[in-house]
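Remarks on the structure that follows.
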Amino acid sequence: MMGNFRSRRNVRVRRRLRMAGGVVIAIGLWELVSVTQLVSSTALSSVSATAAAIGSNAGVLFSAVGQTLEAWAVGLAIATVAGVIMGALVGRSRIADALTETLVRMMRPLPSLALIPIAILVAGLGLKMTAGLVAFTSFWPIFINTRYGVAQVERLLLETATTLGLRGLALIRSVVLPAAAPLIASGFQVAVGLALVVTVSVELVGGTGGIGSYVLAAQQGNAVANMYAGIVVGGFLGWVLNTGFAGLFRRLLPWANQREGSE
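Heads up: the sequence shown begins at 154 in this note's numbering, then just goes up one per residue.
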């Protein structure tokens, strides 16, 4: 037992060291390219200038991050509720699965940015539009993983639960969803990253505030260091969200990560 624990801990330490090493190498290459002028200073800010821009614009960046997180959270929450409910219902019914298959294949590939004109007409510019587009894009990985996870629940488990008197929503809530939880969590983790990408992209195109609008304004004002400051902060935000939720699910669903120690 102690040996397995130490092995898993060593794997995690090595993984973190590799990640940190990758970041250091990327920063070093960035600084090298900027110092040697391989890319013009009008197109690429140096690491030091970007860091200074982050410090001098911390208040504005903090406000922009808050706006981005608000739209991200609202859209992702809507997608999660709708995706889990609809995925569970469709996964439990072959008829519903057949009826929705064509619609899913048609709607899933649609790029969210192509829907901006419709979203503006329906919701106008602002939080509702951004959150709606985030919800649309984030819905699919959650819905598809939930549907697949629910459909894969072992028949013996369902029969045993039915024998104990669980049926309908009680069966789904108490047996089906917990059994499908690892796949649902996997879909949610994909949605976390997609939601942030869509949020920032819509902010860039629609000028609805947030990190995307900050980067756009900096680019239009030829403030290259400020532009890269926004990009770096946005990337760091994505890393925090993805790493945070991955760690959360490892704790909540330890049985879904049994192979971690052998990697």
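Note that the Cβ used here is the ideal one computed from N, Cα and C, for glycine as well.
Here Q373 carries a helix assignment [DSSP, helix/strand/coil].
Taking C-beta atoms as the reference points, L349 and T221 count as a pair closer than 9 Å. DSSP places T189 in no alpha helix (DSSP H); its state is neither H nor E. Taking C-alpha positions only, F215 is separated from I269 by approximately 26 Å. Exclusion of the five residues before and after A378 leaves S198, A202, T203, A206 as the residues of its chain whose Cβ lies within less than 6 Å of its Cβ.
Between the beta-carbon of V200 and that of E223 there is about 30 Å, and that puts the pair past the 8 Å contact cut. L330 sits close to V237, with the two beta carbons spaced by under 9 Å. Straight across, the Cα-Cα distance linking T255 with G400 is about 35 Å. Taking C-beta separations shorter than 6 Å and ignoring five residues to either side along the sequence, the partners of P294 in its chain run G340, V343, A344, following chain order. Under the criterion of beta carbons closer than 8 Å, L278 and T396 do not qualify as touching, at roughly 32 Å. A contact between stretches requires three or more CB pairs, one per stretch, nearer than 8 Å, and the segment 367–375 fails this requirement with the segment 286–304. The beta carbon of G240 sits closer than 6 Å to the beta carbons of F296, T299, R300 from its chain, once the five residues preceding and following it are set aside; these are given in chain order. Within 10 angstroms of the beta-carbon of F292 lie 16 or more other beta-carbons, which makes it buried. Using a Cβ distance threshold of 9 Å, A338 and A288 do not count as a contacting pair.
Inclusion of S265 and L280 in the CB contact set at 9 Å is not warranted, their separation being larger than that value. By the neighbour-count definition (other C-beta atoms within 10 Å, threshold 16), L229 is a buried residue.
Distance check between D250 and each of P407, A304, V275 places A304 closest, using alpha-carbon atoms only.
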